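Trainee:
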Amino acid sequence: MTQQQSIHGEWSSKLAFIMAATGSAVGLGNIWKFPYITGENGGGAFVMVYLICIALVGIPIMMAETMLGRRAKQSPINALKALSQEAEAHENWHYLGWLGVTAGFLILSYYSVIAGWASAYVFKSLSGAFSGQGSAEIKALFEQFVASPLQLTCWHSAFMAVTMWVVARGVRGGLEKAVQFMMPSLFLILLILVGYAMTTGHYSQGLSFLFAPDFSKISGQSILIAMGHSFFTLSLGMGAIMVYGAYLPGHVSISKATLLVAGADTAVALLAGVAIFPLVFANQLEPSAGPGLIFQTLPIAFGQMTAGNVIGTLFFILVVFAALSSSISLIEPMVAWLIENHGFKRSHACWVAGAAAWLLGLGTVLSFNHWSEVKLFGHTFFELLDYLTANIMLPVGGFFVAIFAGWVMLREHSESELEMSPMFYEIWRILVRYVAPAAVFVVFLSVVGVLAP
Ligand code: TRP
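For what it's worth, this note's numbering labels the leading residue of the sequence shown as 38, then goes sequentially.
1) Going along the chain, which residues of its own chain have a beta-carbon closer than 7 Å to the beta-carbon of K118, five neighbours each way excluded?
2) How is L361 classed by DSSP in three states: helix, strand or coil?
3) Ligand 1 heavy atoms versus the CB of A62: any closer than 6 Å?
4) Looking at F268 and L367, is the spacing between their C-beta atoms short of 7 Å?
5) Which same chain residues, not among the five before or five after I68, have their C-beta less than 6 Å away from its C-beta?
6) Leaving out the 5 sequence neighbours to the left and right, which residues in its chain are closer than 6 Å to E47 when beta-carbon positions are compared?
7) Taking 6 Å as the cut-off, is the CB of T343 close to at least one heavy atom of ligand 1?
8) Between P474 and the rest of its own chain, which residues show a CB-CB distance below 7 Å, the 5 nearest in sequence each way excluded?
9) If we require 4 or more residues per run, which alpha helix (DSSP H) segments fall completely within the stretch 50-98?
10) Considering E47, what are the terminal residues of the alpha helix (DSSP H) in which it resides?
11) Could you tell me which whole alpha helix (DSSP H) segments of length 4 or greater appear in the stretch 275-337?
12) Quick one: does the C-beta of S363 sit closer than 6 Å to a heavy atom of ligand 1?
13) Short of 8 Å in beta carbon distance, which residues of its chain neighbour G300, apart from the five on each side in sequence? Order them along the chain.
14) How about M14 and S292: are their beta carbons less than 7 Å apart?
15) Within 8 Å, do at least three Cβ pairs link the stretch 59-78 to the stretch 254-262?
16) Among A195, A155, H450 and A319, which has the Cα closest to the Cα of L244?
17) Figure out for me which residue from L189, Y148, L88 and I365 has the closest Cα to the Cα of V305.
18) Give the DSSP bridge partners of L413, in chain order.
19) Can you look up W408 in the DSSP assignment and give me helix, strand or coil?
20) Looking at the secondary structure, which residues open and close the alpha helix (DSSP H) in which R206 lies?
21) For H379, which of L52, P97, G60 and I114 has the nearest alpha-carbon?
22) To the nearest angstrom, how far is it from the Cα of V469 to the Cα of M275?
23) Sort A177, S164 and L187 by Cα distance to G153 and report the nearest one.
24) Could you give the C-beta distance for G349 and P336, rounded to a whole number, given that I count them as a contact under 8 Å?
25) Does the beta-carbon of T237 have 16 or more other beta-carbons within 10 angstroms, so that it is buried, or is it exposed?
26) Is A277 near ligand 1, with its Cβ less than 6 Å from a heavy atom?
27) Measure the alpha-carbon distance for S172 versus Q333 and round it to whole angstroms.
28) In angstroms, rounded to a whole number, what distance separates the CA positions of A166 and Q341?
29) Relative to ligand 3, is the shortest distance from any of its heavy atoms to the C-beta of L367 smaller than 6 Å?
30) How is K161 classed by DSSP in three states: helix, strand or coil?
31) What is the DSSP secondary structure of G380, counted as helix, strand or coil?
32) What is the rounded straight-line gap between the Cα of S162 and the Cα of F353?
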């Protein structure tokens, strides 16, 4: 390729890339979304499908995305343009970049609203709002909070502004520094929460809900949700990891970095589940409570354990930081594209993209109160947006990334970028050429009803 280095800068080291990619992957998807969709889809069997998707579809596609980004060193739209020229393929491939930029933008609009909830909970915890409260009070607290569009909008605005501020500072100044100290701290607090879950008396019930598969509870629909979530949680299918790969200096082992990132991401999600479900059962809550699940369970623990206010405050601070290091990657592809193709200054690109995502986010704010009864196909605005992006756009994006990396790109190019041992390279190639695309295809078919279970 002609370009030696991305015009947006580079990571300072391999570790910085791993941190940033982990920062992107670990976020609300792990701590907020994974537990509630697991609860809604019956537990163990869903978790098993999710883990299989991570291993057979997510990881190979993550390697593919990183590799495409690093080879092209540009934002996804231009990267796909350049790579399809290199492979002498049709230039329509760059529409895949567009799909990704759009998906990231749509996800950011609601992501920021939920991150706003976590921000508000930092202060609730700090002020002792959970102390000694039972599950009914904690639930009421949450319901009152989401009933207020004004409060949700304020927190959503604050979170979006901080995201854009970080992105405006650029690759090294902003993105890299923001992620380095939080991951280990988050891990530690989750361990403390798991420790608390062990004292509830319902620990084993929580564990068996999560890990004992009952396949009668699974449908084509829930398999699609599990697969969609494996893309969402690894930040795949929309170019976030591709753009991070573009900032990766040469000679870094993509495969090892990817395995580390995926491993850390999965560990955080499972720990969150192990911390939450014993609380659900100990307090006779519904596992299928929906998006409010972590906000209705964890505060019970914070209200009862020693130093709960402090631990709760720290926990929500870390969730906000984890969300921030993910949200910056949701908008970076769009920002990089505005800079490359429209000559925007980075700061202007951020304000434009951020303002638009903020506006769309108001739809999500309202779907928890004034618009909660406004439904299309039985779903609120937020649910539709989430479904469309996570379960459709990301898997479609991932499908085409796999096809591009496996079938369009020349073998010698992927081989030289990936630098794996011959055996692992062959495994990767089979996964990315056959297994991952076929899995996405079959799951889609089964939902459309062709193979309806
Ligand atoms: N992976 C993040 C999470 O789990 C969310 C996220 C960040 C994302 N960047 C992405 C999801 C790109 C899909 C695509 O919270």
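Beta carbons are placed, not taken as given, at the ideal position from N, Cα and C, and that holds for glycine.
It should be emphasised that the depicted structure is a prediction, and the values quoted were computed from it without experimental measurement.
Mentor: In short, the structure shows the following:
1) E128 and H131.
2) Helix, per DSSP.
3) Yes, Cβ of A62 sits closer than 6 Å to a heavy atom of ligand 1.
4) Taking C-beta atoms as the reference points, L367 and F268 fail to come closer than 7 Å.
5) The beta carbon of I68 sits closer than 6 Å to the beta carbons of A309 and V356 from its chain, once the five residues preceding and following it are set aside; these are given in chain order.
6) Cβ contact annotation for E47 (same chain, cutoff 6 Å, sequence separation greater than five): Y284 and P286, in chain order.
7) Judged by the Cβ position, T343 fails to qualify as a neighbour of ligand 1 at the 6 Å threshold, every heavy atom of the ligand being at least this far.
8) Contacts found: F436, A439 and I440.
9) Scanning the stretch 50-98 from its first residue to its last, the whole alpha helix (DSSP H) runs of 4-plus residues come out as 51-62, 71-77 and 81-90.
10) Boundaries for E47: no alpha helix (DSSP H) harbours it, and the DSSP string shows neither H nor E there.
11) Listed in chain order, the alpha helix (DSSP H) elements of length 4 or more contained wholly in the stretch 275-337 are 277-283 and 291-319.
12) Checking every heavy atom of ligand 1 against the Cβ of S363, one is found closer than 6 Å.
13) There are no such residues.
14) What the structure shows of the chain is the stretch from 38 to 490, and residue 14 is not part of that stretch, so it cannot be assessed.
15) They touch, by the three-pair rule.
16) It is A319 whose Cα lies nearest to the Cα of L244.
17) Nearest to V305 by C-alpha distance, out of L189, Y148, L88 and I365, is L88.
18) DSSP lists H416 as partners of L413.
19) Coil at W408, not helix or strand.
20) Here R206 belongs to no alpha helix (DSSP H), and DSSP marks it neither H nor E.
21) Of L52, P97, G60 and I114, the residue nearest in Cα terms is I114.
22) Distance between V469 and M275, taken at the CA atoms: about 17 Å.
23) Per the Cα distances, L187.
24) Right, the Cβ-Cβ distance comes to about 7 Å (below 8 Å), so this counts as a contact.
25) By the beta-carbon neighbour count (other beta carbons within 10 angstroms, threshold 16), T237 is buried.
26) Yes, the Cβ of A277 comes within 6 Å of a heavy atom of ligand 1.
27) Taking the Cα positions, S172 is about 7 Å away from Q333.
28) A166 and Q341: Cα-Cα distance of roughly 12 Å.
29) Absent from the structure shown: ligand 3. Ligands present: ligand 1.
30) It is helical.
31) DSSP places G380 in coil when its eight states are reduced to three.
32) Straight-line Cα distance between these residues: approximately 8 Å.
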